[in-house]
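Peer 1:
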Amino acid sequence: MSGIYLHIPFCKQACSYCDFYFVTRTSEREHFVQRLVEDIKSYSDTRFARETVETIYFGGGTPSLLEPAQLEQIMGALYDVFDINAREITLEMNPDDVSAQFLADLKSLGISRASMGVQSFEPELLEFMHRAHSSEEALQCLELLSASEFNSFTVDLIYGNPGQSVEQLERDVKKLLQFDPPHISAYSLTIEPRTRLGKQVELGRIAPPEDDKVAEHFDIINRMFSNQGIERYEVSNYSLPGKEAVHNSHYWEHKNYLGLGPGAHSFWWADTAERWENEQDLRKYLRDKDHPDREELSLKQLAEERLMMGLRTRKGVGKEELSEEYDYILSSRQLDYLKNREEEGKVEVDKRINLTDEGIKITDAIILDLVTLH
Ligand code: SF4
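Under my numbering, the residues of the sequence shown are numbered 631 to 1004, in order.
Following this line, the structure appears as structure tokens:
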């Protein structure tokens, strides 16, 4: 079973925090769609086309900047080339692109899950993030979604903005929860160096949010979501029971996926495990037909990745899985470390290793310690 990720690299404008690959030259959309269709077809009769595809994910960039007719061409090519038995087909969209007709068109194309990039309903925060949509559009897109045939959808929210008050956060969460979302991705704002926000922080114009403040926001989000039955199942992902994202969960479990489009990543583990990334260059993607070099991963690298990704999830990672599938036995130093963290209430260790709500706040530090102690 595998997944397909399609990177649609167009955005109306650059959000201040974003370091995904995108271009604002939207005039090249049609040329890109034709090239993507050609790219998909180049996989006919390859080993990648022999495995059944369970999930498809249109990410970006902004996939909702494509016309339904263009999405139809892409879907047609995918169904021609791959053996698709889809449990989930997700398309990311921005509030300012959505209309009732657009949602109905997506549904009739077989898109089963909408991923809405709301981020906030607060005008001041939307402006700070340099989002293209307004507060009204953020509400309206969720009204449209609720009235549509999409019963599976997810909404992105960003917290921990510099200067964001607890009241603003609570207002955002309350507004969002009115729409009974089955799934929410809530990200704490990350300051990436190559972004406008990163530059502002570097120049001292903006102070990054304090860790305590971010941790407080995290607790508020967890509590408010949990009161509505929406539980965290990964550092940034929350859902009602049974509504977890299938495509993303597969990434964390080392399932195979093929990434198409500029900047897309792929991972394929058959006899050997390989990972590769398409160059982040739309012009090159439109021009060249060659595929990037692949990096072969050792079992140790895979084990560390699995540990890293597994610990970010509520399910954690099984000790038996690590030893049987990755030949990775925890060292006595690692076991001692886990015991100490367990006494501090940050980790639970049984047949599986899980981080608690307290531990999840320092996920990266725990993972780094564990990996270096092997
Ligand atoms: S719309 Fe999404 S991909 Fe585009 S700049 Fe904003 S956050 Fe980045």
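Cβ atoms here follow ideal geometry from the backbone N, Cα and C, with glycine treated the same way.
Does the beta-carbon of residue 781 have 16 or more other beta-carbons within 10 angstroms, so that it is buried, or is it exposed?
Peer 2: So residue 781 ends up on the exposed side.
Peer 1: Any heavy atom of the ligand SF4 closer than 7 Å to the CB of residue 791?
Peer 2: Because no heavy atom of the ligand SF4 lies under 7 Å away, the Cβ of residue 791 does not count as near it: no.
Peer 1: With H, G and I counted as helix, E and B as strand and the rest as coil, what does DSSP make of residue 985?
Peer 2: Strand, per DSSP.
Peer 1: For residue 832, which residues from the same chain have a beta carbon less than 7 Å from its beta carbon, with the 5 sequence-adjacent residues on both sides left out?
Peer 2: Nothing meets the Cβ criterion.
Peer 1: What three-state label does DSSP hand residue 704 in the structure shown?
Peer 2: Helix.
Peer 1: Using only alpha-carbon positions, find the residue among 644, 1004, 774, 796 that is nearest to residue 934.
Peer 2: Of the candidates 644, 1004, 774, 796, the one whose C-alpha sits nearest the C-alpha of residue 934 is 1004.
Peer 1: When the distance is taken between beta carbons, is residue 638 closer than 8 Å to residue 693?
Peer 2: In this structure, residue 638 lies closer than 8 Å to residue 693 by Cβ.
Peer 1: Check the DSSP bridge columns for residue 756 and list the partner residues they point to.
Peer 2: Paired residue(s): none; residue 756 is not in a bridge.
Peer 1: Using only CA atoms, which one of 834, 667, 742, 847 lies nearest to residue 789?
Peer 2: Nearest C-alpha to residue 789: 847.
Peer 1: Does DSSP classify residue 1001 as helix, strand or coil?
Peer 2: DSSP places residue 1001 in helix when its eight states are reduced to three.
Peer 1: Helix, strand or coil: which one does DSSP assign to residue 644?
Peer 2: In the structure shown, residue 644 sits in coil (DSSP, three-state: anything other than H, G, I, E or B).
Peer 1: Please name the residue in 958, 641, 991 whose C-alpha comes closest to that of residue 949.
Peer 2: Answer by Cα proximity: 958.
Peer 1: Here's the rule I'm using: 16 or more other beta-carbon atoms within 10 Å means buried, otherwise exposed. How should residue 779 be labelled?
Peer 2: Per the 10 Å Cβ criterion, exposed.
Peer 1: Does the region 720 to 736 come into contact with the region 750 to 768, if we say contact requires no fewer than three beta-carbon pairs (one atom in each stretch) closer than 8 Å?
Peer 2: They touch, by the three-pair rule.
Peer 1: Does the structure place the region 871 to 886 close enough to the region 642 to 652 that three or more beta carbon pairs sit under 8 Å?
Peer 2: Contact between the region 642 to 652 and the region 871 to 886 is absent, because fewer than three Cβ pairs lie under 8 Å.
Peer 1: For residue 719, name the three-state secondary structure that DSSP assigns.
Peer 2: Residue 719 falls in the strand class under three-state DSSP.
Peer 1: In the structure shown, what three-state DSSP assignment does residue 674 receive?
Peer 2: DSSP places residue 674 in coil when its eight states are reduced to three.
Peer 1: With a 10 Å radius around its C-beta and 16 neighbouring C-beta atoms as the bar for buried, classify residue 730 as buried or exposed.
Peer 2: Classification of residue 730: exposed, given that the 10 Å Cβ count is below 16.
Peer 1: Taking buried to mean at least 16 other C-beta atoms within 10 Å of its own C-beta, is residue 899 buried or exposed?
Peer 2: Its Cβ having fewer than 16 others within 10 Å, residue 899 is exposed.
Peer 1: Taking Cβ positions, are residue 864 and residue 942 nearer each other than 8 Å?
Peer 2: Yes, the pair counts as a contact, with Cβ atoms nearer than the cut-off.
Peer 1: How about the region 749 to 758 and the region 667 to 678: do they share at least three Cβ pairs that are nearer than 8 Å?
Peer 2: Contact fails: fewer than three Cβ-Cβ distances are below 8 Å.
Peer 1: Are the beta-carbon atoms belonging to residue 912 and residue 678 less than 8 Å from one another?
Peer 2: No, Cβ-Cβ distance for residue 912 and residue 678 is not below 8 Å.
Peer 1: Quick check: the Cα distance between residue 745 and residue 962, rounded to an integer number of angstroms?
Peer 2: For residue 745 and residue 962, the distance between alpha carbons rounds to 43 Å.
Peer 1: Should residue 816 and residue 851 be called a contact, given that it needs their Cβ atoms to be closer than 8 Å?
Peer 2: The answer is yes: Cβ separation under 8 Å.
Peer 1: Compute every distance between the C-beta of residue 875 and the non-hydrogen atoms of the ligand SF4, then say whether any falls below 7 Å.
Peer 2: No, the ligand SF4 has no heavy atom inside 7 Å of this Cβ.
Peer 1: Hey, is residue 771 close to the ligand SF4, as in C-beta under 7 Å from one of its heavy atoms?
Peer 2: Not under cutoff, so the answer is no.
Peer 1: Any heavy atom of the ligand SF4 inside 7 Å of the beta-carbon of residue 837?
Peer 2: It does not: the Cβ of residue 837 is nowhere closer than 7 Å to a heavy atom of the ligand SF4.
Peer 1: Could you pull the start and end residues of the beta strand (DSSP E) that residue 683 belongs to?
Peer 2: Taken as a continuous stretch (DSSP letters only), the beta strand (DSSP E) holding residue 683 covers 683 to 690.
Peer 1: Please report the straight-line C-alpha distance between residue 777 and residue 760, rounded to a whole angstrom.
Peer 2: Between residue 777 and residue 760, the C-alpha separation is close to 28 Å.
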